[in-house]
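Counted from 1, the sequence shown has number 550 at position 428 by the numbering used here; the numbering is strictly sequential. Every residue gets a Cβ at the ideal spot worked out from N, C-alpha and C, and that includes glycine. None of the values given here were measured: they were computed from a predicted structure.
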Amino acid sequence: MDQPEWIWAAVSEEESQSMMAMWPNIVRDITKEIENSNFPDVAKWMEKVLQHTVPGGKKIRAFTLIYAYKLLASSDQLTKENIRLARILAWCLEMLQAFFLVIDDIQDQSLLRRGKLCWYRHNDIGLAAINDGLLLECAMFYLIKKHFKGKDYYIDLLETFYDIIFKTTIGQGLDMLSTKKPDLDMFTMNRYNSIVKYKGSRYSFILPITAAMQLAGIKDPEMFRQAKTILLEMGHLFQVECYSSADPEKVRRVKQIFIDLERTIVKNKWLVLQYNVAGGKKQRGLGLVYAYKLLIPSDQLTEENIRLARILAWCVELMQAYMLMMDDIEDQSLFRRGQPCWYRYNDLGLAAVNDTYMLEGSIFYLIRKYFKGKDCYADLLETFQDITMKTAIGQSLDLLSTHFDKKPNLDLFTMNRYNSIIKSKTAYYSFVFPVIAAMHLAGIKDQEMFREATNILIETGCLFQVQDDYLDCYGDFEVCGKDDTDIQQGKCTWFVVEALQRVTPQQRKILEDCYGDLDRDKVRRVKQLFNELNLLDAYFAYKEERYNLINVHIKQMSSGLPHSLFLYSLRNIHHRMS
123 MDQPEWIWAA VSEEESQSMM AMWPNIVRDI TKEIENSNFP DVAKWMEKVL QHTVPGGKKI
183 RAFTLIYAYK LLASSDQLTK ENIRLARILA WCLEMLQAFF LVIDDIQDQS LLRRGKLCWY
243 RHNDIGLAAI NDGLLLECAM FYLIKKHFKG KDYYIDLLET FYDIIFKTTI GQGLDMLSTK
303 KPDLDMFTMN RYNSIVKYKG SRYSFILPIT AAMQLAGIKD PEMFRQAKTI LLEMGHLFQV
363 ECYSSADPEK VRRVKQIFID LERTIVKNKW LVLQYNVAGG KKQRGLGLVY AYKLLIPSDQ
423 LTEENIRLAR ILAWCVELMQ AYMLMMDDIE DQSLFRRGQP CWYRYNDLGL AAVNDTYMLE
483 GSIFYLIRKY FKGKDCYADL LETFQDITMK TAIGQSLDLL STHFDKKPNL DLFTMNRYNS
543 IIKSKTAYYS FVFPVIAAMH LAGIKDQEMF REATNILIET GCLFQVQDDY LDCYGDFEVC
603 GKDDTDIQQG KCTWFVVEAL QRVTPQQRKI LEDCYGDLDR DKVRRVKQLF NELNLLDAYF
663 AYKEERYNLI NVHIKQMSSG LPHSLFLYSL RNIHHRMS
């Protein structure tokens, strides 16, 4: 049904007021969830991220979704509650837009966005803003789960958002590779960049309408196919207009460029996977397969089910890889697993940020491809997203503690804060995640089993991180494959927290002067102070005490889960040297 332009103008003006009236509730939803998880500092930070990056745009995608929903929904569906849900989903689109812009500005080193400093330049945040982009993405999925779980279209919405994110990061990958194609010599960079911006039209054109159709309860695949076809044509028109020409031959050549570039990005993505995923110890992936074999009834241990467990294990390894890639960029680390960090490979630099999100998108592509239609499908999607959000929150608390990898405020380095960081940043995705995913795959539904498993695995994961702090400070690079950067970067580690509980005022002054400084002499002075405080003896005593206590807790488990599953994880890390 055609509508005159004045109706659209009136709707958008009205919706602008209604949308902004809802914005405080959106912020409250997100920050309250973070605060309730015992991260008040991150909740305050997240509010700043949201206010700076989300509400200032024109909200064209949001208004398009709402306008489309009002056109597509039947009159009896247009209730106050359903309109409210449409506006919440519209804000999810705006948060997705903010996520893309935050990351894009970092990669392009842009200066201004919407008339003000780009977020990464705000208060000199720098590369720490990469994690804020991830927080925006996680918060968006949190809103979708909070407000739409249980609806017929819930899974459809998740799949649509995941698909758009994956395709948009691939489009950004084309942008990064564009200068390596000789076919582009006949085009100016401004023109070519305009073409690449078309890749964003997937979330600008297709996403708002598709989400509105799902919200309106439309199920007919043919309607979605036709809508997508038309919206892609609109995207092509948008692309052609960037060239100020509708010449069919020029359009054909531009399309051919994308085809050629897509071949290149496939090769590049293969290299990303080989370099970052295949080379690790695969403890998380192997742990998932081990857990699955223990938990599943013997008659279900078929070749096909084991194959699916291994595919899911690779999804866990993909998550490990992209978390490490992101962490290395933010920390400006030099080595990972005995080789230069990915962002340093062939001078990739900030272009590597996009590679991390392509790996994330690959995870959800694989889950959808192999697990869609299975009872565990929704649980797996939510588990991956929940663990991602917890890890991003832990990373945010870590960055806030180190003042974004600048001179840290040692007053913040308490044992409570340290435990909060390592629980959220390390324990969940390294230990809880593989076992919980295996439990879902095995069809376990008992919530007490999940609760008991989570508690034990958090304890094990926290011990693992304390060991990691030791290895960073005292480990052998040839064995660990990682350079000692925690002292230089002013990280909140077990050693510095323990030191702060033991130092005299004079010794504390040494930490204040030397901790968080790149100067090698100052790093040596910090290590010397650690030795003066007998921290190595304290560490080994603490490690054995925690190991024995976790052993006791495992033996006390009563939910019916096999104790050997948790003893496997614990004994695997007990005497590790890497």
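Strand pairing of R693, partner residues [DSSP]: Walking along the sequence shown from the start, residue 693 turns up at place 571. R693 is not bridged to any residue.
Which of helix, strand or coil DSSP assigns to P419: If you number the sequence shown from 1, residue 419 lands on position 297. Here P419 sits in coil by DSSP.
CB contact flag (S681, E570, <9 Å): For the purposes of this step, residue 681 is identified with residue 559 of the sequence shown, where counting begins at 1. For the purposes of this step, residue 570 is identified with residue 448 of the sequence shown, where counting begins at 1. Cβ atoms of S681 and E570: closer than 9 Å.
Assigned secondary structure, F457 (DSSP; H/G/I helix, E/B strand, else coil): What you label residue 457 is simply residue 335 of the sequence shown in a count that begins at 1. Here F457 sits in strand by DSSP.
Three-way DSSP call (helix, strand, coil) for R183 in this model: Here residue 183 refers to the residue found at position 61 of the sequence shown. Correct three-state label for R183: helix.
Limits of the alpha helix (DSSP H) - the one that Q199 falls within: Translated into positions along the sequence shown, residue 199 becomes position 77. No alpha helix (DSSP H) contains Q199, which DSSP labels as neither H nor E.
Nearest residue (CA-CA) to L211, options V588, V176 and I266: Here residue 211 refers to the residue found at position 89 when the sequence shown is read from its first residue. Checking every option, the nearest Cα to that of L211 belongs to I266.
Rounded separation between F486 and P343 - CA only: For the purposes of this step, residue 486 is taken as residue 364 along the sequence shown, with counting starting at 1. For the purposes of this step, residue 343 is taken as residue 221 along the sequence shown, with counting starting at 1. Answer to the nearest angstrom: the Cα atoms are 21 Å apart.
6 Å Cβ shell around S546 - same chain, five flanking residues per side excluded: Stepping through the sequence shown from its first residue, residue 546 is reached at position 424. Answer for S546: K512, I515 and G516, listed in chain order.
Span of the alpha helix (DSSP H) around K649: If you number the sequence shown from 1, residue 649 lands on position 527. First-last of the alpha helix (DSSP H) with K649: R642 to E654.
Runs of alpha helix (DSSP H) lying entirely within the segment 544–573, each at least 4 residues, in chain order: 555–563
Span separating the alpha-carbon of T282 from that of C214: Mapped onto the sequence shown, residue 282 falls at position 160. Mapped onto the sequence shown, residue 214 falls at position 92. T282 and C214: Cα-Cα distance of roughly 12 Å.
9 Å Cβ cutoff met for G179 and A220: Counting from 1 along the sequence shown, the entry for residue 179 is found at position 57. Counting from 1 along the sequence shown, the entry for residue 220 is found at position 98. Yes, the Cβ-Cβ distance between G179 and A220 is below 9 Å.
Residue closest to I558, alpha-carbon to alpha-carbon, out of F506, R642 and I188: By 1-based counting over the sequence shown, the position of residue 558 is 436. The candidate whose alpha carbon is nearest that of I558 is F506.
Segment limits, alpha helix (DSSP H) that includes W167: The residue labelled residue 167 in the question sits at position 45 within the sequence shown. That run of the alpha helix (DSSP H) goes P162 to T175.
Beta-carbon contacts of D254 that lie in its chain and below 7 Å, excluding the five residues immediately before and after: Stepping through the sequence shown from its first residue, residue 254 is reached at position 132. V171, V224 and W241, listed in sequence order.
Coil, strand or helix - R429 by DSSP: The residue labelled residue 429 in the question sits at position 307 within the sequence shown. Correct three-state label for R429: helix.
Residue interval of the alpha helix (DSSP H) (run including T478): Walking along the sequence shown from the start, residue 478 turns up at place 356. Counting along the chain, the alpha helix (DSSP H) containing T478 begins and ends at A474 to F493.
7 Å Cβ shell around A251 - same chain, five flanking residues per side excluded: Mapped onto the sequence shown, residue 251 falls at position 129. Counting only Cβ-Cβ distances below 7 Å, and skipping sequence neighbours, we find V224, I228, W241 and Y242.
Euclidean distance between Cα positions of S518 and I672: Stepping through the sequence shown from its first residue, residue 518 is reached at position 396. Stepping through the sequence shown from its first residue, residue 672 is reached at position 550. Taking the straight line from one Cα to the other gives about 28 Å.
Given K496 as reference, the closest of M537, G471, N427 and L585 once Cα atoms are compared: Taking the sequence shown and counting its residues from 1, one reaches residue 496 at position 374. Measuring from the Cα of K496, the nearest candidate turns out to be N427.
R466 vs L481 beta-carbon contact at 9 Å: Numbered from its first residue, the sequence shown carries residue 466 at position 344. Numbered from its first residue, the sequence shown carries residue 481 at position 359. Going by C-beta atoms, R466 is not nearer than 9 Å to L481.
Per-residue burial, M537 [other beta carbons within 10 Å of its own, 16 or more giving buried]: Counting from one through the sequence shown, the residue named residue 537 turns up at place 415. So M537 counts as exposed.
Short Cβ contact (9 Å threshold) for F572 with I566: Position 450 of the sequence shown holds residue 572. Position 444 of the sequence shown holds residue 566. Yes; because the gap between Cβ atoms is below 9 Å, this pair is in contact.
Of the listed residues S138, Q610, N204 and F161, nearest to L522 (C-alpha basis): As a working mapping, residue 522 is identified with position 400 in the sequence shown. Among S138, Q610, N204 and F161, the Cα nearest to that of L522 is on F161.
Residue range of the unbroken alpha helix (DSSP H) whose run includes V674: Counted from its first residue, the sequence shown places residue 674 at position 552. From DSSP, the alpha helix (DSSP H) with V674 extends over L657 to K677.
Proximal residues to G471 (C-beta, below 7 Å), its chain only, five neighbours per side dropped: Looking up residue 471 in the sequence shown gives position 349. Counting only Cβ-Cβ distances below 7 Å, and skipping sequence neighbours, we find Y465.
Segment contact, 8 Å Cβ cut-off, at least three pairs: the segment 416–423 with the segment 393–403: no
Bridge-paired residues (DSSP) for L239: Position 117 of the sequence shown, counted from the start, is the residue given in the question as residue 239. Its beta-bridge partners are L234.
Residues that P462 bridges to, as DSSP identifies them: Against the sequence shown, residue 462 aligns to sequence position 340. Its beta-bridge partners are F457.
Cut-off 7 Å between Cβ atoms - residues of its own chain near H562, not counting five sequence neighbours on either side: Residue mapping note: residue 562 aligns to position 440 of the sequence shown, counting from 1. Correct list, in chain order: C498, D501, L502 and T505.
I609 versus M144: straight-line alpha-carbon distance, rounded: Mapped onto the sequence shown, residue 609 falls at position 487. Mapped onto the sequence shown, residue 144 falls at position 22. Answer to the nearest angstrom: the Cα atoms are 44 Å apart.
Three-state class that DSSP yields for E136 in the structure shown: Against the sequence shown, residue 136 aligns to sequence position 14. In the structure shown, E136 sits in a helix (DSSP, three-state: H, G or I).
8 Å contact criterion, which Y479 and I509 should meet: CB distance rounded: Residue mapping note: residue 479 aligns to position 357 of the sequence shown, counting from 1. Residue mapping note: residue 509 aligns to position 387 of the sequence shown, counting from 1. Rounded, the Cβ-Cβ distance is 16 Å, inconsistent with contact.
Three-state class that DSSP yields for S681 in the structure shown: One-based indexing of the sequence shown puts residue 681 at position 559. Coil at S681, not helix or strand.
DSSP three-state assignment for K192, whether helix, strand or coil: As a first step, residue 192 is located in the sequence shown; it is residue number 70 there, counting from the start. Three-state DSSP puts K192 in a helix.
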